[in-house]
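In what follows, a single structure is set out as structure tokens and then discussed.
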Amino acid sequence: MSASASFSARLPTTSIANAASAWSKTASHTTRCVLKARLLTAAFALPAVLAAIVFSPPWFFSAFVGVLGGWGLYEVGAMTGADDAGAQAILIVGGGGPLAGLLVAGAVSRLLPAAVFVAMLGLVVRVAVRGAQSGPRGKVLTLLGALYVGVLFPYFAMLRNLPGGIRLIVLVLLVVVATDTAAYFVGSALGRVKLAPRVSPNKTVEGAVGGLAAGVLAGVVLKGVLVPEWTTAGAVCVCAGISVLAQLGDLAGSALKRVSGVKDSGWIFPGHGGLLDRTCSLVFAVVLTYYYVH
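Adding 9 to a residue's 1-based position in the sequence shown gives its number in the numbering used here.
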């Protein structure tokens with residue numbers, strides 16, 4: 010074979026290698042940029058949220074949650090394409106009504122958040138079994154998202170404003186963080202069996218089990234500091250529930266985005282996505298904790 014023929018034969022392989030190297034460098038740079046954005050966002054957002062939880066008076070924290078709920082409804086509208094008068098009315102009445110009513114009057118029935126939970130769980134199951142194309146569309150999807158925000162978000166304020174509520178909110182946050190962190194690392198290292206690939210392709214059964222174990226362990230460790238009045242058995246049960254509901258909430262948020270055809274719920278937190286991206290693992294857990302102590 011001549012030298013020119015040999016060079017020609019090697020050229021495609023060399024080109025592919027160069028292209029792969031360039032792609033790898035670009036992907037690595039993108040990953041570093043995303044990680045940097047996430048860290049910067051967390052550095053500013055976490056202290057602000059913790060300050061609001063710990064230091065603000067009840068009326069201010071309720072107003073703060075009301076503003077967050079309003080933004081959450083905006084994200085629902087943007088995701089579901091609520092750009093006509095009818096869909097916007099659904100957001101205002103179906104989401105804004107419960108949001109304002111619960112923040113002012115407090116919990117009126119356990120059935121309301123339970124119904125929203127069942128509806129969101131049904132969405133997860135439907136997407137997991139049949140795919141995103143089988144989910145609801147149009148105004149039905151808008152109503153589901155509006156109720157999800159309007160009914161569940163007020164429980165952040167309702168739990169925090171209870172006697173000892175600051176400790177309870179911090180407990181939920183830390184157990185959820187432990188769950189999410191362990192689920193990610195255990196799933197990355199040991200994950201083999203996909204949990205719900207049509208809903209969230211990266212989640213694994215092994216990661217979910219690791220997250221549950223970490224959530225329970227975190228609850229037992231934190232019990233003596235944050236909820237010394239609880240029994241150990243009670244702390245184990247509640248924190249196991251928080252961990253499970255955190256993971257189901259994450260799946261519910263993913264299912265809502267899948268059906269809506271979006272990657273993130275919004276853009277308010279650079280590197281993290283939208284408000285609903287950051288709160289989906291908290292909402293069900295907060296409701297559970299509220300009704301356990303109240």
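From the three backbone atoms N, C-alpha and C, an ideal C-beta is built for every residue, glycine too. Since we're looking at a predicted model, the values are computed, not measured.
Within 9 Å, strictly: CB atoms of residue i and residue j
i, j, result
"residue 248", "residue 220", "no"
"residue 202", "residue 215", "yes"
"residue 161", "residue 125", "yes"
"residue 282", "residue 276", "yes"
"residue 86", "residue 151", "yes"
"residue 108", "residue 132", "no"
"residue 300", "residue 169", "no"
"residue 205", "residue 136", "yes"
"residue 74", "residue 173", "no"
"residue 166", "residue 293", "no"
"residue 96", "residue 148", "yes"
For residue j and residue i, believed in contact at Cβ under 8 Å, the rounded distance
i, j, result
"residue 199", "residue 303", "Actually they do not touch by this definition, with Cβ atoms about 38 Å apart."
"residue 78", "residue 158", "6 Å"
"residue 185", "residue 291", "6 Å"
"residue 260", "residue 195", "With 8 Å as the limit, residue 260 and residue 195 do not qualify as a contact, their Cβ atoms being about 17 Å apart."
"residue 295", "residue 164", "5 Å"
"residue 80", "residue 284", "5 Å"
"residue 232", "residue 244", "4 Å"
Residue i versus the options, residue with shortest Cα-Cα distance
i, options, result
"residue 191", "62, 256, 301, 75", "256"
"residue 287", "273, 234, 166, 233", "273"
"residue 254", "120, 127, 155", "127"
"residue 218", "197, 233, 238", "197"
"residue 352", "153, 226, 84", "Absent from the structure is residue 352, since the part of the chain shown begins at 10 and ends at 303."
"residue 289", "298, 258, 297", "258"
"residue 153", "122, 140, 183", "122"
"residue 110", "138, 95, 72", "72"
"residue 306", "102, 55, 252", "Limits of the chain in this structure are 10 at one end and 303 at the other, which puts residue 306 out of reach."
"residue 98", "52, 66, 156", "156"
"residue 65", "241, 268, 175, 244", "175"
"residue 55", "183, 268, 239", "183"
Three-state secondary structure assigned by DSSP to residue i
i, result
"residue 213", "strand"
"residue 171", "coil"
"residue 291", "coil"
"residue 282", "strand"
"residue 272", "coil"
"residue 127", "helix"
"residue 187", "helix"
"residue 242", "helix"
"residue 137", "helix"
"residue 205", "strand"
"residue 35", "Any reading at residue 35 needs caution, since the residue's pLDDT is 49, under 50, leaving its predicted position unreliable; the model's value is listed next. The answer is helix: DSSP assigns residue 35 an H, G or I state."
"residue 227", "helix"
"residue 20", "Since pLDDT at residue 20 reaches only 45, below the 50 mark, its modelled position is unreliable, and no value is offered."
"residue 277", "coil"
"residue 117", "coil"
"residue 176", "helix"
"residue 93", "coil"
"residue 236", "coil"
"residue 66", "coil"
Cutoff 9 Å: residue i Cβ touching any chain E Cβ
i, result
"residue 245", "Among the protein chains of the structure shown there is no chain E, as only one such chain exists."
Query raised in the report: Given 8 Å as the limit, is there contact between the segment 172-180 and the segment 105-114, that is, 3 or more CB pairs closer than that?
Result: Because the criterion of three Cβ pairs below 8 Å is not met, the segment 172-180 and the segment 105-114 do not touch.
Requested in this report: Determine, using beta-carbon pairs with one atom in the segment 258-272 and one in the segment 136-147, whether at least three such pairs fall under 8 Å.
Outcome: In this structure the segment 258-272 lies against the segment 136-147, because at least three pairs of beta carbons, one per stretch, are closer than 8 Å.
Report task. Kindly confirm or deny that the segment 60-67 and the segment 85-92 touch, where touching means at least three C-beta pairs closer than 8 Å. Result -> no
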